[in-house]
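Asks: Throughout, the numbering used here is defined as the position within the sequence shown, counted from one, plus 37.
Pasting in a structure now, in structure tokens, and then I'll have a few things to ask.
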Amino acid sequence: MPAKIRLQRHGKKGQPFYHIVVADSRAPRDGKFIEKLGTYNPLTNPVQIKIKFDRALYWYSVGAQPTDTARSLLSKTGVMMKYHLMRGVQKGAMTEEQAEIKFQNWMKEKEAKAANIVKANEEKARGEKKTRIEAEKQVNEARAAEIAKRKLAEMEARKAAEAEAAAQAAAEEAAEASPAAEAPAEA
């Protein structure tokens, strides 16, 4: 029975979530499996990979062939590196202590890179938010200036209308007063 390490798709349409499993190579993609090794969520940033390290290392060492994506995930979690170092120990190229030190250094570098990526993503998000807030402030200031200009124009128009109404009222009063003054002169 040739075993394969592969992904088993779960989740809704457009929102995939995968289980990393060891299955018989003849079994369907989402069918029966031998053992579940972990999970993979590609929708998070950075992607979330949870894996049973020892079991994945065991299955890879006994000959289970990973698919390309599964190989990539095993590589990212360090299973492939650990296997490579174990083979070096078996061949006598290094001792177990040296292999463990190399593996720990590699894991620290990997974690530091991941932390830098997360930090860069947070900084980018903060920068985008800041520029969005600044743009919104400018739009609000422009709106406020437009509203103030409109109110000022309305006030000036109202004052002009009041002045015109007052002048018209004064003219009417003068016109009313003039015929009244002319009427006694005719009598």
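No residue lacks a Cβ here, since even glycine has one placed at the ideal position from N, Cα and C.
Quantities reported herein were computed from a predicted structural model and do not represent experimental measurements.
Go ahead and pull the three-state DSSP assignment for A149.
Replies: If you number the sequence shown from 1, residue 149 lands on position 112. A149 falls in the helix class under three-state DSSP.
Asks: Have a look at the DSSP bridge pairing and note the partners of I71.
Replies: For the purposes of this step, residue 71 is taken as the residue at position 34 of the sequence shown. Paired residues: none, contrary to the question.
Asks: With distance defined between alpha-carbon atoms, name the residue in Q52, Y77, A40 nearest to R63.
Replies: Counted from its first residue, the sequence shown places residue 63 at position 26. It is A40.
Asks: Which residues mark the beginning and the end of the alpha helix (DSSP H) in which K128 is found?
Replies: By one-based count along the sequence shown, residue 128 stands at place 91. Residues 116-128.
Asks: Where DSSP assigns a beta bridge to T104, which residues make up the other side?
Replies: As a working note, residue 104 is residue 67 in the sequence shown. Paired residues: none, contrary to the question.
Asks: Quick check: the Cα distance between K167 and E148, rounded to an integer number of angstroms?
Replies: On the sequence shown, residue 167 is found 130 positions in, with the first residue counted as 1. On the sequence shown, residue 148 is found 111 positions in, with the first residue counted as 1. Between K167 and E148, the C-alpha separation is close to 28 angstroms.
Asks: Name the two residues that bound the continuous alpha helix (DSSP H) containing R92.
Replies: Position 55 of the sequence shown, counting from 1, holds the residue named residue 92. Here the alpha helix (DSSP H) through R92 covers 90-98.
Asks: Please say whether A107 and R43 have beta carbons closer to each other than 8 angstroms?
Replies: As a working note, residue 43 is residue 6 in the sequence shown. As a working note, residue 107 is residue 70 in the sequence shown. Yes.
Asks: Contact between the stretch 49-63 and the stretch 118-133: three or more CB pairs below 8 angstroms?
Replies: No, the stretch 49-63 is not in contact with the stretch 118-133.
Asks: Any Cβ of chain C within less than 8 angstroms of the Cβ of T168?
Replies: The displayed structure is made up of one protein chain only, and chain C is not part of it.
Asks: Tell whether a beta-carbon distance below 8 angstroms holds between K113 and I86.
Replies: For the purposes of this step, residue 113 is taken as the residue at position 76 of the sequence shown. For the purposes of this step, residue 86 is taken as the residue at position 49 of the sequence shown. For K113 and I86, yes; Cβs fall inside 8 angstroms.
Asks: Are L80 and V58 closer than 8 angstroms when you measure CB to CB?
Replies: On the sequence shown, residue 80 is found 43 positions in, with the first residue counted as 1. On the sequence shown, residue 58 is found 21 positions in, with the first residue counted as 1. It is not a contact, given that the beta carbons lie outside the stated cut-off.
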